[in-house]
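**Student:** Oh and the sequence shown: position 10 is 931 in the working numbering, straight run, nothing missing.
Here it is, the structure, as structure tokens.
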Amino acid sequence: KTGYNAQRTPMDLPIAQLVVNAVQSTETEPIVLSPSSGGSLPLYVFEQELNARVITVPVVNYDNNQHAENENMRVGYLWDGIETMAAIMLLK
């Protein structure tokens, strides 16, 4: 067997809504909500072992060639990402 078990945190949970609102507070346009995305992260472990919900918030450009030759991140996305992560970290 290869890969990981799938994991999804319902977007209607209070913590998910707090994160959505925090991210939206850093943007002037409506943000895109995607309940699932591709990739191989062992996120199910947090839920299975710690009973904790996981929410990922990507901050890179869509054409970043992740984990490939010429992987990149636009500098503006880096600065925006710092602001986004700060908004999430300041949640109470």
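Beta carbons are placed, not taken as given, at the ideal position from N, Cα and C, and that holds for glycine.
Since the model is a prediction, treat every value here as computed from it, not as a measurement.
Mind the definition here: the stretch 961-972 touches the stretch 998-1012 only if three or more C-beta pairs lie below 8 Å; say whether that holds.
**Tutor:** no
**Student:** State the start and end residues of the unbroken alpha helix (DSSP H) segment that holds Pro935.
**Tutor:** Pro935 to Gln945
**Student:** At the level of alpha carbons, what is the spacing between Leu1012 and Val940?
**Tutor:** 8 Å
**Student:** Determine whether the beta carbon atoms of Ile1009 and Ala943 lie at a separation below 7 Å.
**Tutor:** yes
**Student:** On the DSSP letters alone, give me the boundaries of the alpha helix (DSSP H) that Glu968 sits inside.
**Tutor:** Tyr965 to Leu971
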